[in-house]
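A.B. asks:
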């Protein structure tokens with residue numbers, strides 16, 4: 023493996039991540055199969071143990087590999103999500119399954135979250151959601167992107183008034199965001215920013231009305247759009 027000369031450690035481990043993807047996609051490692059020992063990969067990739075472990079951490083966070091204490095690291099099995107019909111790379115397939123699983127958890131949490139917002143949030147809290155929405159809307163009107171939309175989702179979690187909801191959703195959202203800016207940036211590109219904005223507008227309006235049923239339905243539909251794209255594309 024020929025690594026570019028980089029002083030930033032983060033860039034080095036990102037290159038190791040890409041090289042591990044290459045090993046997976048060239049079928050040097052099969053689903054459920056054990057990864058080569060650290061010593062072998064260190065020698066093959068010409069990197070330090072710390073850099074290799076940072077790359078492993080990324081792949082574990084993305085759900086591509088799993089670690090078993092005392093046994094080593096393994097490529098995750100392919101769940102039954104129609105893998106036989108996929109023609110894209112194995113690594114992207116595995117991340118796709120992880121993304122869908124993360125979205126399934128996220129959907130459950132955020133649908134419950136709007137119920138907690140309606141139960142616990144003050145009018146000032148809802149005003150904060152309104153301000154955050156308007157900030158994302160202004161960004162869209164000036165740049166054509168919805169940068170900051172994930173921050174709005176994190177604010178929904180904060181306004182539930184539940185510390186555990188906030189912490190859990192932050193973990194799930196950060197994992198999803200990492201995958202989206204990796205192999206699934208195309209999901210961000212394919213999403214309709216205008217539709218996203220309108221969806222948030224309706225969700226916040228329902229929260230303002232304290233209409234739990236409507237808010238939950240709107241949040242579920244908001245997240246289902248991306249889940250359907252992941253399944254179909």
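In this note's numbering, the protein residues as written are 23 to 255. Using N, Cα and C, we set each Cβ at its ideal position, and we do this for glycine too.
When DSSP labels each residue in this structure, what does residue 95 get in the three-state scheme?
C.D. replies: It is a strand residue.
A.B. asks: From the DSSP output, in three-state form, read off residue 153 for me.
C.D. replies: Three-state DSSP puts residue 153 in a helix.
A.B. asks: Identify whether residue 50 lies in helix, strand or coil by the three-state DSSP scheme.
C.D. replies: Correct three-state label for residue 50: coil.
A.B. asks: Please report the straight-line C-alpha distance between residue 197 and residue 145, rounded to a whole angstrom.
C.D. replies: Distance between the alpha carbons of residue 197 and residue 145: 31 angstroms.
A.B. asks: Going by DSSP, name the residue or residues bridged to residue 90.
C.D. replies: Residue 90 is bridged to 94.
A.B. asks: Name the DSSP beta bridge partners of residue 134, please?
C.D. replies: Partner(s): none; residue 134 has no beta bridge.
A.B. asks: Output the distance between the C-alpha atoms of residue 81 and residue 73, rounded to the nearest integer angstrom.
C.D. replies: Approximately 13 angstroms between the Cα atoms of the pair.
A.B. asks: Are there three or more Cβ pairs, one per stretch, closer than 8 angstroms when the segment 75 to 93 is compared with the segment 175 to 190?
C.D. replies: Contact fails: fewer than three Cβ-Cβ distances are below 8 angstroms.
A.B. asks: How many angstroms separate the CA atom of residue 136 from the CA atom of residue 202?
C.D. replies: Rounded to whole angstroms, residue 136 to residue 202 spans 24 angstroms at the Cα level.
A.B. asks: Specify the secondary structure class of residue 40 as computed by DSSP and reduced to three states.
C.D. replies: Reduced to three states, the DSSP call for residue 40 is helix.
A.B. asks: Are the CB atoms of residue 133 and residue 251 within a distance shorter than 7 angstroms?
C.D. replies: No, Cβ-Cβ distance for residue 251 and residue 133 is not below 7 angstroms.
A.B. asks: If we ignore side chains and look at the alpha-carbon of each, how far apart do residue 39 and residue 176 end up?
C.D. replies: Roughly 28 angstroms between the two C-alpha positions.
A.B. asks: Taking only the alpha-carbon atoms, compute the straight-line gap between residue 195 and residue 64 and give it to the nearest angstrom.
C.D. replies: Taking the straight line joining both Cα atoms gives about 31 angstroms.
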